[in-house]
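> Protein chains in written order, with my numbering: chain A, 6 to 503; chain G, 4 to 236.
C-beta: ideal position from N, C-alpha, C; glycine also.
The structure follows.
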């Protein structure tokens, strides 16, 4: 049942994507062929993109899988707290995490020579900080879908630890592994702010290289080559990760515990404890650093307040636009809708911004258009998450609900009011909160599209960090963390009750 | 002999009082309204739930705190009795050795068990290619190779069509006699109890009643039993 509303949204998204892509293709067709011989430097950028994404994915998956198993098979004090705190990194703005990491491992950090923060190690660490908790939660959820009878049977048949892993846990993890892996690889290969701030000349990804050749070097042909490579790569990755994205990238509900009867050997207890400690040691310290430093520097100057209100206005509008786009796509949920909802994954922001820049900003470049496109880009980036949350809600509307509505001769508005809205209230609230959090913490759109004097909290933080005003930066980072963390906490509560 | 003495089980608002003896080689049906605690009784005997107080004694040995694997018990659930990624043969063999390293004699025993339940040619199949009834037969074949003397059945045939259900019931009855098992069957069907059980345990109002002869049970006029059977007024 494809409504005209869904067709309009699909067409709108197609237009924005085409506005990003067509100028690139037009230029490709009108340029000399020699321009498009891939040079060695582009090849090394591609190689680094894949290398850092691969390492980030492997570490996140391996650690996440066994941490999830440790949490699933052991009930201990603080287990729920760990799982809930693992929802936090998804809400932490990239720039805030980077501040946390630099205050730990940077030049003037607490452990300055402990770790090479700039370059591959730092980029991978930052990516693991974000993706390890997500992987842990998805795997934990997967393990909770086990049939309780499987564990009873295992107990009765005297399964040892390897047997439980092989016959009960692994079959569940195995189905998730490729999808979670593809999703993390996708997110890491398109990551922008982390690579921009922690990377260097030799450690640059496609996404950042596009931005640099467009905004710094004004090298259009190079930007085009990079953009085309990036689209190719994301198209492959999105199709690989599509199943995971479809199943729901939103934070999964933590289902009631399954009773387990595992033999608790000392060695496996030790293993589980060590793993949990390692995972916590990656996730918590950057957050603690931000909180500890920020506490003494929380400030509300006129500039802060201005950035705060701008951020909220942009986030609010982005979330509203994201929901308006997401609603029909989640409701219809056919192939075009699914592709439309993934637009910003398939054609990454840097590519879109390049195209929009060529098409529009060369001619009309003022604060209003900039804000409009920042909101558009933000809502497109939040769209996969919003659609995913709403889709779960729409799945709860059964055939019987719709038959009943037909029998009672409801108008579309009455269906919305009496069937959809009551059932989707919580997923809607959750989608809205998630889209707001993503937009609030986003620095990508404003960096790619230019600021035009517009200052949001993340861009203020970026400026403060750039001018080595570490005190102000610490305060701004904590403020961002509190807002995004708080909204995520509310979204989590909403989901748990849904 | 299964003996539960002064048994008391509590979980949140739910509690169950159990004080009973079940004789060896007895086929005993467990009846009672939904949510009364029929499955809980089986789970306590199997070791998946523990008593708050009281003791469980099997053949003169105390099993109150024993882990499930240490009890001379096989249990068949209503569903999910097989591991989906394993062949039928492995699903039975895993009852002998969880690491699936079987001797030739043990493999012969597995095949014999499969033949006994009518799945002689199904060894190489995956559970997803079996019907619901066939999957429960796999579980019964595993019961045969494990050679435990007590068999607990938690509504194992509830999802099957009436004809198939009777056929499976007959199979369980035959196995019970052949192997001299003590079998406890939780069921929602009083007919099943009449057909195969020598005795009936009635669970209602937080109390597990002592087993009664099947005939005695169905001819009595206790109000809660009459209400359960739909014979009130």
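1. Ignoring anything shorter than 3 residues or poking outside the region 9-66 of chain G, list the beta strand (DSSP E) runs there in chain order.
2. Is the separation between the beta-carbon of residue 131 (chain A) and that of residue 189 (chain A) shorter than 8 Å?
3. Flag residue 83 (chain G) as yes if its beta-carbon sits less than 8 Å from any beta-carbon of chain A, otherwise no.
4. In whole angstroms, give me the CA-to-CA distance for residue 33 (chain G) and residue 60 (chain G).
5. Would you say residue 3 (chain G) lies against chain A (beta-carbon separation less than 8 Å)?
6. Could you give the C-beta distance for residue 22 (chain A) and residue 450 (chain A), rounded to a whole number, given that I count them as a contact under 8 Å?
7. Indicate the three-state DSSP secondary structure (helix, strand or coil) for residue 46 (chain A) in the structure shown.
8. Compare the C-alpha of residue 31 (chain A) against each of A:360, A:448, A:490, A:452 and name the closest.
9. Quick one: measure Cβ to Cβ for residue 195 (chain A) and residue 427 (chain A), integer angstroms, because I've assumed they're closer than 8 Å.
10. Kindly say whether residue 233 (chain G), judged by its beta-carbon, lies nearer than 8 Å to any beta-carbon of chain A.
11. Use the C-beta contact count for residue 499 (chain A): other C-beta atoms within 10 angstroms, 16 or more gives buried, fewer gives exposed.
12. Residue 481 (chain A) and residue 465 (chain A): beta carbons closer than 8 Å?
13. Going by the DSSP bridge assignment, what does residue 207 (chain G) pair with across the sheet?
14. CB-CB under 7 Å to residue 42 (chain G), same chain, minus the five flanking residues each way: which ones, in chain order?
15. Among residues of its own chain, excluding the 5 on either side of residue 116 (chain A), which ones have a beta-carbon nearer than 8 Å to its beta-carbon?
16. Using a C-beta to C-beta distance shorter than 7 Å, which residues of chain A count as neighbours of residue 61 (chain G)?
17. Looking at the strands, I want to know which residues DSSP matches up with residue 79 (chain G).
18. Compute the beta-carbon to beta-carbon distance between residue 174 (chain G) and residue 143 (chain G), rounded to the nearest angstrom, for a pair I have assumed lies under 8 Å.
19. Closest to residue 77 (chain G) by CA distance: which of G:219, G:25, G:162, G:145 is it?
20. Using the Cβ count rule (16 or more neighbours within 10 Å means buried), how would you classify residue 12 (chain G)?
21. How many angstroms separate the CA atom of residue 39 (chain A) from the CA atom of residue 16 (chain A)?
22. Which residue comes first and which comes last in the alpha helix (DSSP H) that contains residue 200 (chain A)?
23. Compare the C-alpha of residue 19 (chain A) against each of A:143, A:425, A:343, A:400 and name the closest.
24. Less than 8 Å separating the beta-carbons of residue 346 (chain A) and residue 389 (chain A)?
25. Give the DSSP-derived three-state secondary structure of residue 6 (chain G) in the structure shown.
26. Taking 8 Å as the threshold (beta carbon to beta carbon), is residue 157 (chain A) in contact with chain G?
27. State buried or exposed for residue 161 (chain A), treating a residue as buried only when at least 16 other CB atoms are found within 10 Å of its CB.
28. Please classify residue 340 (chain A): does DSSP put it in a helix, a strand, or coil?
29. Residue 8 (chain A) and residue 333 (chain A): beta carbons closer than 8 Å?
30. Leaving aside the five residues before and after residue 486 (chain A) along the sequence, list all residues of the same chain whose C-beta is less than 6 Å from its C-beta, in chain order.
31. Please list, in chain order, all residues of the same chain as residue 145 (chain A) whose beta carbon is under 7 Å from its beta carbon, the five residues on each side excluded.
32. Could you tell me the boundaries of the alpha helix (DSSP H) in which residue 148 (chain G) lies?
33. Along chain G, which residues have their Cβ under 8 Å away from the Cβ of residue 160 (chain A)?
34. Tell me which residues share the same chain as residue 467 (chain A) and place their Cβ nearer than 7 Å to its Cβ, disregarding the 5 neighbours each side in the sequence.
35. Nearest to residue 93 (chain G) by alpha carbon, out of G:75, G:74, G:138?
36. Pull the bridge partners of residue 186 (chain G) from the DSSP assignment, please.
Checking against the coordinates, here is how it stands:
1. Within the region 9-66 of chain G, the runs of beta strand (DSSP E) that reach at least 3 residues and sit entirely inside it are, in chain order, 17-25, 30-34, 56-61.
2. One-based indexing of the first chain puts residue 131 (chain A) at position 126. One-based indexing of the first chain puts residue 189 (chain A) at position 184. No, these two residues do not count as a Cβ contact at 8 Å.
3. Taking the first residue of the second chain as position 1, residue 83 (chain G) is located at position 80. Interface annotation, residue 83 (chain G): in contact with chain A, CB-CB separation under 8 Å.
4. Counting from 1 along the second chain, the entry for residue 33 (chain G) is found at position 30. Counting from 1 along the second chain, the entry for residue 60 (chain G) is found at position 57. For residue 33 (chain G) and residue 60 (chain G), the distance between alpha carbons rounds to 19 Å.
5. This structure does not reach residue 3 (chain G), given that chain G is present from 4 up to 236, and the question cannot be answered.
6. By one-based count along the first chain, residue 22 (chain A) stands at place 17. By one-based count along the first chain, residue 450 (chain A) stands at place 445. Their Cβ separation, rounded to whole angstroms, is 15 Å, which puts residue 22 (chain A) and residue 450 (chain A) out of contact at 8 Å.
7. Residue 46 (chain A) sits at position 41 when you count from the first residue of the first chain. Note: residue 46 (chain A) maps to helix in three-state DSSP.
8. To locate residue 31 (chain A), count along the first chain from 1; it is residue 26. Measuring from the Cα of residue 31 (chain A), the nearest candidate turns out to be A:360.
9. To locate residue 195 (chain A), count along the first chain from 1; it is residue 190. To locate residue 427 (chain A), count along the first chain from 1; it is residue 422. Taking the Cβ atoms as the reference, residue 195 (chain A) lies roughly 37 Å from residue 427 (chain A), outside the contact range of under 8 Å.
10. On the second chain, position 230 is the one that residue 233 (chain G) refers to. No, residue 233 (chain G) does not count as interfacial toward chain A.
11. Along the first chain, one-based indexing puts residue 499 (chain A) at 494. Residue environment analysis places residue 499 (chain A) among the buried positions, since at least 16 neighbouring C-beta atoms fall within 10 angstroms of its C-beta.
12. Here the question's residue 481 (chain A) lines up with position 476 in the first chain. Here the question's residue 465 (chain A) lines up with position 460 in the first chain. Residue 481 (chain A) places its beta carbon less than 8 Å from that of residue 465 (chain A).
13. Taking the first residue of the second chain as position 1, residue 207 (chain G) is located at position 204. Its beta-bridge partners are G:210.
14. What you label residue 42 (chain G) is simply residue 39 of the second chain in a count that begins at 1. Correct list, in chain order: 157, 189.
15. Translated into the one-based positions of the first chain, residue 116 (chain A) becomes position 111. Close CB contacts of residue 116 (chain A) within its chain, under the 8 Å cut and outside five residues either way in sequence, are with 109, 110 (chain order).
16. In the second chain, residue 61 (chain G) corresponds to position 58, counting from 1. Against residue 61 (chain G), chain A offers no close residue; the least beta-carbon distance is about 15 Å (beta-carbon pairs closer than 7 Å).
17. Here the question's residue 79 (chain G) lines up with position 76 in the second chain. According to the DSSP secondary-structure assignment, residue 79 (chain G) is paired through a beta bridge with G:156.
18. To locate residue 174 (chain G), count along the second chain from 1; it is residue 171. To locate residue 143 (chain G), count along the second chain from 1; it is residue 140. Sure, about 7 Å apart at Cβ, within 8 Å.
19. As a first step, residue 77 (chain G) is located in the second chain; it is residue number 74 there, counting from the start. Ranking G:219, G:25, G:162, G:145 by Cα distance to residue 77 (chain G) puts G:145 first.
20. The residue given as residue 12 (chain G) occupies position 9 in the second chain. With 16 or more other Cβ atoms within 10 Å, it is buried.
21. As a position in the first chain, residue 39 (chain A) is number 34, starting the count at 1. As a position in the first chain, residue 16 (chain A) is number 11, starting the count at 1. Confidence at residue 39 (chain A) is low in this model, with a pLDDT of 49, below 50, so its placement is unreliable and the value that follows should be read with caution. One C-alpha to the other measures close to 35 Å.
22. In the first chain, counting from the first residue as 1, residue 200 (chain A) sits at position 195. Start and end: 198-203.
23. For the purposes of this step, residue 19 (chain A) is taken as residue 14 along the first chain, with counting starting at 1. That would be A:343, whose Cα lies nearest to the Cα of residue 19 (chain A).
24. Against the first chain, residue 346 (chain A) aligns to sequence position 341. Against the first chain, residue 389 (chain A) aligns to sequence position 384. With contacts defined as CB atoms closer than 8 Å, residue 346 (chain A) and residue 389 (chain A) qualify as a contacting pair.
25. Translated into the one-based positions of the second chain, residue 6 (chain G) becomes position 3. Looking at residue 6 (chain G) - three-state DSSP - the assignment turns out to be strand.
26. In the first chain, counting from the first residue as 1, residue 157 (chain A) sits at position 152. For residue 157 (chain A), the answer is yes, since a Cβ of chain G falls inside 8 Å of its Cβ.
27. As a position in the first chain, residue 161 (chain A) is number 156, starting the count at 1. Buried, by the Cβ-count rule.
28. Locating residue 340 (chain A) in the first chain gives position 335, counting from the first residue. In the structure shown, residue 340 (chain A) sits in a helix (DSSP, three-state: H, G or I).
29. Here residue 8 (chain A) corresponds to residue number 3 of the first chain, with the count starting at 1. Here residue 333 (chain A) corresponds to residue number 328 of the first chain, with the count starting at 1. Yes, the pair counts as a contact, with Cβ atoms nearer than the cut-off.
30. Your numbering for residue 486 (chain A) matches position 481 in the first chain. The beta carbon of residue 486 (chain A) lies closer than 6 Å to those of 101, 295 in the same chain, with the five residues before and after it left out.
31. Position 140 of the first chain, counted from the start, is the residue given in the question as residue 145 (chain A). Around residue 145 (chain A): 73, 76, 77, 88.
32. Along the second chain, read from residue 1 onward, the residue named residue 148 (chain G) stands at position 145. Residue 148 (chain G) -> alpha helix (DSSP H) spans 135-149.
33. Working through the first chain from its first residue, we reach residue 160 (chain A) at position 155. The contacting residues are 50, 51, 70, 71, 72.
34. In the first chain, residue 467 (chain A) corresponds to position 462, counting from 1. Excluding sequence neighbours, residue 467 (chain A) sits near 100, 448.
35. Here residue 93 (chain G) corresponds to residue number 90 of the second chain, with the count starting at 1. When each option's Cα is compared against that of residue 93 (chain G), the closest is G:138.
36. As a position in the second chain, residue 186 (chain G) is number 183, starting the count at 1. The partner list for residue 186 (chain G) (beta bridge, DSSP) reads G:30, G:154.
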